[in-house]
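Asker: Note that the UniProt record's numbering numbers the sequence shown so that position 526 is 526, with each residue one more than the last.
Virtual Cβ for every residue (Gly too), placed ideally from N, Cα, C.
Please read all numbers here as calculations on a predicted model, not as lab measurements.
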Amino acid sequence: MEDLKSRVDELLENQEYDKALELLTENEINGEADIWTNSTTGWILGKLGRREEALEYLRKVEGEEEENPWLCCEIGWNLGALGKSKEALYYLNRAKELGRDDVWINSELGWNMGRLDRNEEAVYYLNRAKELGRDDNWIFEELGWNLGILKKYEEALENLIISEKMREPDAWTNSQIGWNLGKMGRDEEAVAYLQKAVDQGRDDAWVYSTLAWNLGKLEKNKEALEYLLKAKDLGRDDEWLNSEIGWNYDRIDQYEKAYEYLKKVEDMGRSDAWFFREYGWCIGRLEGDREEEALKYLMKAEELEEADSWLNTEIGWNLGKLGKNEEAIERLKKAEEQGDTSRWLYREIAWNLGRAKKPKEALEYLRKAEDKDNLTPWICTEFAWNLGKLGEVEEAIFYLRKAKELGRDDAWVNRELGWNLGKQDKYKEALECLRKAEKIEEDPDAWLYREIGWNLGMLDEFKEALEYLRKAEEMEEADDWLNSQIGWNLGEQDKYVEAMVYIERAMKQGRDDAWINGEYGWLLSKLNKYEEALEYFKKAEAEKEPSDWLLGQLGDVHKELGKYELALEYYKKLEEADPEDSNNLSNIADVLTKLERSEEAVEYYKKSEKKTAE
Numbered sequence: 001m002e003d004l005k006s007r008v009d010e011l012l013e014n015q016e017y018d019k020a021l022e023l024l025t026e027n028e029i030n031g032e033a034d035i036w037t038n039s040t041t042g043w044i045l046g047k048l049g050r051r052e053e054a055l056e057y058l059r060k061v062e063g064e065e066e067e068n069p070w071l072c073c074e075i076g077w078n079l080g081a082l083g084k085s086k087e088a089l090y091y092l093n094r095a096k097e098l099g100r101d102d103v104w105i106n107s108e109l110g111w112n113m114g115r116l117d118r119n120e121e122a123v124y125y126l127n128r129a130k131e132l133g134r135d136d137n138w139i140f141e142e143l144g145w146n147l148g149i150l151k152k153y154e155e156a157l158e159n160l161i162i163s164e165k166m167r168e169p170d171a172w173t174n175s176q177i178g179w180n181l182g183k184m185g186r187d188e189e190a191v192a193y194l195q196k197a198v199d200q201g202r203d204d205a206w207v208y209s210t211l212a213w214n215l216g217k218l219e220k221n222k223e224a225l226e227y228l229l230k231a232k233d234l235g236r237d238d239e240w241l242n243s244e245i246g247w248n249y250d251r252i253d254q255y256e257k258a259y260e261y262l263k264k265v266e267d268m269g270r271s272d273a274w275f276f277r278e279y280g281w282c283i284g285r286l287e288g289d290r291e292e293e294a295l296k297y298l299m300k301a302e303e304l305e306e307a308d309s310w311l312n313t314e315i316g317w318n319l320g321k322l323g324k325n326e327e328a329i330e331r332l333k334k335a336e337e338q339g340d341t342s343r344w345l346y347r348e349i350a351w352n353l354g355r356a357k358k359p360k361e362a363l364e365y366l367r368k369a370e371d372k373d374n375l376t377p378w379i380c381t382e383f384a385w386n387l388g389k390l391g392e393v394e395e396a397i398f399y400l401r402k403a404k405e406l407g408r409d410d411a412w413v414n415r416e417l418g419w420n421l422g423k424q425d426k427y428k429e430a431l432e433c434l435r436k437a438e439k440i441e442e443d444p445d446a447w448l449y450r451e452i453g454w455n456l457g458m459l460d461e462f463k464e465a466l467e468y469l470r471k472a473e474e475m476e477e478a479d480d481w482l483n484s485q486i487g488w489n490l491g492e493q494d495k496y497v498e499a500m501v502y503i504e505r506a507m508k509q510g511r512d513d514a515w516i517n518g519e520y521g522w523l524l525s526k527l528n529k530y531e532e533a534l535e536y537f538k539k540a541e542a543e544k545e546p547s548d549w550l551l552g553q554l555g556d557v558h559k560e561l562g563k564y565e566l567a568l569e570y571y572k573k574l575e576e577a578d579p580e581d582s583n584n585l586s587n588i589a590d591v592l593t594k595l596e597r598s599e600e601a602v603e604y605y606k607k608s609e610k611k612t613a614e
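(1) Cutting at 6 Å between CB atoms, please list the residues of its own chain near residue 544, excluding the five before and the five after it.
(2) Just the C-alpha distance for residue 523 and residue 497, rounded to the nearest angstrom, thanks.
(3) Relative to the C-alpha of residue 301, which residue among 313, 199, 275 is closest?
(4) From the DSSP output, in three-state form, read off residue 341 for me.
(5) Taking the alpha carbon of residue 323 as the reference point, which residue from 348, 120, 245, 481 has its own alpha carbon closest?
(6) Under DSSP, the alpha helix (DSSP H) around residue 601 begins and ends at which residues?
(7) So for residue 516, helix, strand or coil by DSSP?
(8) In the DSSP assignment, find the unbroken alpha helix (DSSP H) run with residue 471 in it and report its ends.
(9) For residue 529 versus residue 551, is the C-beta spacing smaller than 8 Å?
(10) Assign residue 15 to one of three DSSP states: helix, strand, or coil.
(11) Threshold first: 3 residues or longer. Then list the beta strand (DSSP E) segments lying entirely within the region 166-250, N to C.
(12) Determine the contact status of residue 325 and residue 356, defining contact as a CB-CB distance below 8 Å.
(13) Using the Cα positions of residue 210 and residue 194, report the straight-line distance between them to the nearest angstrom.
(14) How long is the line joining the alpha carbons of residue 149 and residue 103, rounded to whole angstroms?
(15) Could you check if residue 608 is buried or exposed, using at least 16 other CB atoms within 10 Å of its CB as the buried criterion?
(16) Look at the Cβ atom of residue 142, then the Cβ atom of residue 126, and state whether they are nearer than 8 Å.
(17) Would you kindly work out how many angstroms separate the C-alpha atoms of residue 235 and residue 266, rounded to a whole number?
(18) Whole angstroms are fine: how far does the CA of residue 383 sit from the CA of residue 252?
(19) Since residue 291 and residue 321 should fall inside the 8 Å C-beta cutoff, what is the C-beta to C-beta distance between them, to a whole number of angstroms?
(20) Residue 94 and residue 67 look like a contact to me (Cβ under 8 Å); what is the Cβ gap, rounded to whole Å?
(21) Tell me whether the region 356-367 and the region 394-405 touch, counting them as touching only if at least three CB pairs, one residue from each stretch, are closer than 8 Å.
(22) Look at the alpha carbon of residue 525 and the alpha carbon of residue 488, and state the distance between them as a whole number of angstroms.
(23) Got a sec? Which residues, its chain only, sit under 7 Å from residue 297 by beta carbon, not counting five neighbours each side?
(24) Rounded to the nearest angstrom, what separates residue 351 and residue 555 at their Cα positions?
(25) Find out if the Cβ-Cβ distance for the pair residue 411, residue 421 is shorter than 8 Å.
(26) Got a sec? Which residues, its chain only, sit under 6 Å from residue 239 by beta carbon, not counting five neighbours each side?
(27) Tell me which residue opens and which closes the alpha helix (DSSP H) that residue 374 is part of.
(28) Using alpha carbons as the reference points, say which of 319, 310, 534, 110 lies closest to residue 344.
(29) Relative to the C-alpha of residue 548, which residue among 222, 579, 478 is closest?
(30) Just verifying my parser: in three-state terms, what is the DSSP assignment at residue 588?
(31) Cβ of residue 617 within 8 Å of Cβ of residue 42?
(32) Among 491, 361, 405, 612, which has the Cα closest to the Cα of residue 376?
(33) What runs of the alpha helix (DSSP H), each 4 residues or longer, lie entirely inside the region 278-311?
(34) Could you tell me whether the Cβ atoms of residue 146 and residue 122 are closer together than 8 Å?
(35) Helix, strand or coil: which one does DSSP assign to residue 38?
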């Protein structure tokens, strides 16, 4: 036996494990096995990676000999290598209890603890191994891995970087460095290390998933998707992967694709706030007015966690699209209170305020959203729309022209520009814009025909004006405005009776202002109904400061009724307002003649002739 021991020891010293094993096996066949031969055979088999066989021999020794640190370590080491870390720990701890406390056993304890997710304990034993003198790349890699799991990313990275300096890092080390950098938000560096790992041949779902996660954070979503789909091809098909694929498709505006993956995640049972937020965001951007469905998921997210500014903006955005502008404003303003000061948010608040008929406040938010050096067509049109509602026509026109310069030249812009130009009495320019809108639109609406008709009337194009106003009348039930306009244009074409029908309709619909009473009075006067005409002119006069036109009409009707003194009063008032009106000067002369004030009459006839000659 002594001779066998010497020969085996010599072979082991030269690392000739197979030859040593042959001798021991031969000895066993000859029936001469004992504790030493079984221990040595078990040790050699372990060195050769034949763990199960190693354990068979070591168990024989365990059954024959009193427990000792060496045997416990050997059994523990082989069990750990077979992935049986829980059993391994039992034996390694027994060895520790029996007095072994060196670098090796603490390293093994740390390694097995890590495999059982007992990472705090793993770090303790690995640090103990360091204290006892272990200073190789393995210990730093293990510490880095466990510290990373414990979310101590800075410490983890420190250890992994030390390992990197000790030897050229392999794919595993580069992966770990990349993973920790990503967790620290150092995504560019993370991608570089993870890419190295891939270049070194790492080709599994984990590395592709991690690389994609960092690329996504860098807004390199197309590249991220390439790696996520590789991970999927390699068999990963869990909630996380499908969520990430959906998230990245959302970022590149491929909402239908995103929805396909996020729907799968829902079917898998994911029900946390992040998922509901992303799913709701995606659904809100799908075609087909799915805002109600989007809100359902966004509200689920709010049930799980208090809404932050992002969630409030999303809820507000969808409410706005549903026309629930007041609710939208409440949510969006809450996001503002939570610290969101983005131009996007201010634009959304402004848009909803405009639709809630609060143009003044809408403009306040548009001013906040405005980037004067980088105006967009959208913000210009929003400014114009709200300014128009406030009667700030000149500024509205400025923004509409700016929107056109920036490339927006659609029907809406031309309609709005035409409307505002009309308010500035620029009827020809207004018509150019409105007619352009008419050409662009496939099916022009009544509003556009009304506006074209109104501007044509202002240019004394009464016949064509009526054509457009009649088109509007065919498309919708005429309101008091439309009836008034049709009546006015008919009157200007001397169709007084027909005109009165429309004016009376407008009055029955509730219109009772100075304009309508003046117009009705004028039509009555054209039909020689002066007493009735006077009644309506008086109503018009009582409602507001009379215009030059109304003063003239009051003068005319009093003259026709033979009330020359009263006629003179109105003509004189008109003279004060417009001393250049030759027709009025002639009327004054006529009335003075009737009043037998000949000298004054002559003077006014001369004035009238002089003004006419000029």
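Answerer: Taking the structure as given:
(1) Indexing the sequence shown from 1 puts residue 544 at position 544. Hits under 6 Å: 514.
(2) Position 523 of the sequence shown, counted from the first residue, corresponds to residue 523. Position 497 of the sequence shown, counted from the first residue, corresponds to residue 497. Taking the straight line from one Cα to the other gives about 8 Å.
(3) Translated into the one-based positions of the sequence shown, residue 301 becomes position 301. For residue 301, the nearest C-alpha among the options comes from 275.
(4) Locating residue 341 in the sequence shown gives position 341, counting from the first residue. Residue 341 falls in the coil class under three-state DSSP.
(5) In the sequence shown, the residue the question calls residue 323 occupies position 323. The shortest C-alpha separation from residue 323 is found at 348.
(6) What you label residue 601 is simply residue 601 of the sequence shown in a count that begins at 1. From DSSP, the alpha helix (DSSP H) with residue 601 extends over 598-613.
(7) Position 516 of the sequence shown holds residue 516. Helix, per DSSP.
(8) On the sequence shown, residue 471 is found 471 positions in, with the first residue counted as 1. Run containing residue 471: 462-475, per the alpha helix (DSSP H) assignment.
(9) Within the sequence shown, residue 529 is the residue found at index 529, counting from 1. Within the sequence shown, residue 551 is the residue found at index 551, counting from 1. In this structure, residue 551 does not lie closer than 8 Å to residue 529 by Cβ.
(10) Stepping through the sequence shown from its first residue, residue 15 is reached at position 15. Three-state DSSP puts residue 15 in coil, outside helix and strand.
(11) none
(12) For the purposes of this step, residue 325 is taken as the residue at position 325 of the sequence shown. For the purposes of this step, residue 356 is taken as the residue at position 356 of the sequence shown. Yes.
(13) Along the sequence shown, one-based indexing puts residue 210 at 210. Along the sequence shown, one-based indexing puts residue 194 at 194. Taking the straight line joining both Cα atoms gives about 8 Å.
(14) Numbered from its first residue, the sequence shown carries residue 149 at position 149. Numbered from its first residue, the sequence shown carries residue 103 at position 103. Distance between the alpha carbons of residue 149 and residue 103 is about 23 Å.
(15) Counting from one through the sequence shown, the residue named residue 608 turns up at place 608. Buried.
(16) Within the sequence shown, the letter at position 142 stands for residue 142. Within the sequence shown, the letter at position 126 stands for residue 126. Cβ distance < 8 Å, so residue 142 and residue 126 count as in contact.
(17) As a first step, residue 235 is located in the sequence shown; it is residue number 235 there, counting from the start. As a first step, residue 266 is located in the sequence shown; it is residue number 266 there, counting from the start. Each residue's alpha carbon lies about 19 Å from the other.
(18) For the purposes of this step, residue 252 is taken as residue 252 along the sequence shown, with counting starting at 1. For the purposes of this step, residue 383 is taken as residue 383 along the sequence shown, with counting starting at 1. Rounded to whole angstroms, residue 252 to residue 383 spans 30 Å at the Cα level.
(19) Here residue 291 refers to the residue found at position 291 when the sequence shown is read from its first residue. Here residue 321 refers to the residue found at position 321 when the sequence shown is read from its first residue. Confirmed, about 5 Å.
(20) On the sequence shown, position 94 is the one that residue 94 refers to. On the sequence shown, position 67 is the one that residue 67 refers to. So it is a contact: roughly 7 Å between Cβ atoms.
(21) no
(22) Looking up residue 525 in the sequence shown gives position 525. Looking up residue 488 in the sequence shown gives position 488. Each residue's alpha carbon lies about 14 Å from the other.
(23) Residue numbering aside, residue 297 sits at position 297 when the sequence shown is read from its first letter. Only 276, 279, 280, 283 meet the Cβ criterion.
(24) Taking the first residue of the sequence shown as position 1, residue 351 is located at position 351. Taking the first residue of the sequence shown as position 1, residue 555 is located at position 555. Approximately 50 Å, taken between the alpha carbons.
(25) Sequence index remark: in the sequence shown, residue 411 carries index 411 (1-based). Sequence index remark: in the sequence shown, residue 421 carries index 421 (1-based). Cβ atoms of residue 411 and residue 421: not closer than 8 Å.
(26) Position 239 of the sequence shown, counted from the start, is the residue given in the question as residue 239. If we look at residue 239 and ignore the five residues flanking it on each side, its Cβ neighbours are 265, 268, 270.
(27) Residue numbering aside, residue 374 sits at position 374 when the sequence shown is read from its first letter. Taken as a continuous stretch (DSSP letters only), residue 374 belongs to no alpha helix (DSSP H), as it is neither H nor E.
(28) Reading the sequence shown from its first residue, position 344 is the one you call residue 344. Looking at the Cα atoms, 310 is the closest of the given residues.
(29) Numbered from its first residue, the sequence shown carries residue 548 at position 548. When each option's Cα is compared against that of residue 548, the closest is 579.
(30) Stepping through the sequence shown from its first residue, residue 588 is reached at position 588. Residue 588 falls in the helix class under three-state DSSP.
(31) The structure shown does not extend to residue 617, since the chain is modelled only from 1 through 614, so no value can be given for it.
(32) To locate residue 376, count along the sequence shown from 1; it is residue 376. Nearest C-alpha to residue 376: 405.
(33) 291-304
(34) Looking up residue 146 in the sequence shown gives position 146. Looking up residue 122 in the sequence shown gives position 122. Contact: yes.
(35) Counting from 1 along the sequence shown, the entry for residue 38 is found at position 38. Helix.
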